[in-house]
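Positions in the sequence shown are counted from 1; adding 1026 to them yields this note's numbering. What follows is one structure encoded as structure tokens, with my remarks underneath.
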Amino acid sequence: MSTVRVKRKWLSVIAFSLVFAALLVSIPKFSVNAASPPLSGAIFTTDITGGVVNQNQYSTKCGPSGVYLDGGPGPSAPPTAAGLPDGDYYFQVTDPSGKTLLSTDAVQFRVLTVSGGLITSASIHPTFPNTGGSGGVTVELCPFNDTPNNGGVYKAWVTPVGQFLGDPTKVDNPCGNGCFHGFVPAFSKVDNFKVKGPVVAIACMSVFKFIDANGNGIREPALGEIHYGGWGFTVTDPLGAQINGKMYTIAHLKDCFPGLFNLVPGKYTVVEDVTDGTGTYVVTANTVDDKNQSPVDTQITVTFKPNDLRHDVTFGNAPVGQ
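Listed below in structure tokens is the structure:
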């Protein structure tokens, strides 16, 4: 091979490398801190006062009877529960699948501020004193379009400003698979809610806990093994986002858990805390709809099929060395 041909070959390689490097530089880069721990506290939909709304169903989207955001420890949280980390958060409303963005204003106007573990202000969305919940203020979600979901179900999202992917001056920010309009499920909290519409049955779930006094993996009410309250757990939806945030079991609960209504088909992962702070425990029972799951663990996956209306999840834990 002649010297001229060698030079031409290397010049071609160098030219290709420069073009490729220029293309890489031109691609927008977004920073996501994958090492960030899950957010403490909870964010959930509520009424204008911060009160609990039955089954997360509202009569209208906007105004005094509309849908608002509340933040802090969840409604059933013990006094020692952590609130939200201080900082700024973006929020959005989508259909339950996350594919259709329903919020209509730019992301930069959908921002709220948390201080002392509570929501204290918002950019331009109306706020009102939170007199029926954890304190701070509630933030109105409107404006957002009607959902394409036949059951009238919507999904509210909240994510830290630092984890948002895109341009906040825009309304929508397409960001590829596993990301929804700039919101990454792993860094977000979500809450499904319903606005009055067609009478369509929507699924729900309950999470129960009992202390297994004799460690046999069977709940025996005669031995005092009743539904136990105040034990922390999280539920991750089919998109990979936490519903509400940290929730806590409710003693003597018979109905679905307050924050787990309006669930759509898919897989939900329920993870319980290893302890409620009163000692060391070992898991002895996992059941779904009273059917034993094996092997037992602190995590249970529940699949909702299209016609499923309710699933009940139960964890049993025995104290160690008590």
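For each residue, glycine too, the CB sits at the ideal point set by N, CA and C. This one's a predicted model, so the numbers in the text were calculated from it and none came from an experiment.
Indicate, with yes or no, if the ligand NAP has a heavy atom lying under 6 angstroms from the CB of Val1339. Although the ligand NAP was asked about, the structure shown includes no ligands whatsoever.
Among the candidates Gln1189, Pro1169 and Thr1185, whose CA atom is the shortest distance from the CA of Leu1138? Thr1185
Kindly indicate which three-state DSSP category Phe1259 falls into: helix, strand or coil? Here Phe1259 sits in strand by DSSP.
Going by alpha carbons, who is nearest to Cys1205 out of Thr1072, Asn1312 and Gly1124? Gly1124
Rounded C-alpha distance that separates Phe1330 from Ile1228: Taking the straight line from one Cα to the other gives about 11 angstroms.
Report buried or exposed for Lys1181, applying the criterion of at least 16 other Cβ atoms within 10 angstroms of its Cβ. Buried, because 16 or more other Cβ atoms sit within 10 Å of the Cβ of Lys1181.
Could you check where the beta strand (DSSP E) with Ser1232 kicks off and where it finishes? Cys1230 to Ile1237
Report buried or exposed for His1278, applying the criterion of at least 16 other Cβ atoms within 10 angstroms of its Cβ. exposed
Buried or exposed (CB count within 10 angstroms, at least 16 for buried), Thr1029: Legend: pLDDT at Thr1029 = 49, less than 50; position of this residue unreliable, value from coordinates given subsequently. Classification of Thr1029: exposed, given that the 10 Å Cβ count is below 16.
Within 10 Å of its beta-carbon, does Thr1275 have 16 or more other beta-carbons around it, so buried, or fewer, so exposed? buried
Between which two residues does the beta strand (DSSP E) holding Lys1181 run? Val1179 to Pro1186
Please tell me whether Val1309 and Asn1343 are closer than 7 angstroms, where the distance is taken between their beta carbons. Contact annotation: Val1309 and Asn1343 have beta-carbon atoms nearer than 7 angstroms.
Can you give the Cα-Cα distance for Gln1081 and Pro1152, rounded to whole angstroms? Their backbone Cα atoms lie some 24 angstroms apart in a straight line.
Thinking C-beta only, is Asn1270 closer than 7 angstroms to Ala1068? The beta carbons of Ala1068 and Asn1270 sit closer together than 7 angstroms.
My assumption, with CB atoms under 8 angstroms, is that Pro1284 sits in contact with Val1093. Please give the rounded CB distance. Not quite, the Cβ-Cβ distance comes to about 15 angstroms (not below 8 angstroms), so this is no contact.
In terms of alpha-carbon separation, which member of Ser1091, Ala1248 and Gln1118 lies closest to Pro1169? Gln1118
Selected residue, minimal CA-CA separation from Leu1220, among Phe1341, Tyr1084, Ile1252 and Asp1073: The amino acid occupying residue 1220 in the given sequence is Lys; Leu does not appear at that position. Of Phe1341, Tyr1084, Ile1252 and Asp1073, the residue nearest in Cα terms is Tyr1084.
Is DSSP giving Phe1056 helix, strand or coil here? Confidence is the limiting factor: at Phe1056 the pLDDT is only 44, short of 50, which leaves the residue's position unreliable and the question unanswerable from this model.
Under the rule that 16 or more other beta-carbon atoms within 10 Å means buried, what is Thr1262, buried or exposed? buried
So is Thr1260 buried or exposed if we call it buried at 16+ other beta carbons inside 10 Å? buried
Taking the alpha carbon of Gly1241 as the reference point, which residue from Ala1132, Val1346 and Thr1075 has its own alpha carbon closest? Out of Ala1132, Val1346 and Thr1075, Val1346 has the C-alpha closest to the C-alpha of Gly1241.
6 angstroms Cβ shell around Phe1135 - same chain, five flanking residues per side excluded: Ser1149 and Ile1150
Closest Cα partner of Gly1188 within the set Val1165, Val1233, Asp1112 and Met1231: Asp1112
Quick one, are the C-beta atoms of Ile1145 and Gly1223 less than 7 angstroms apart? no
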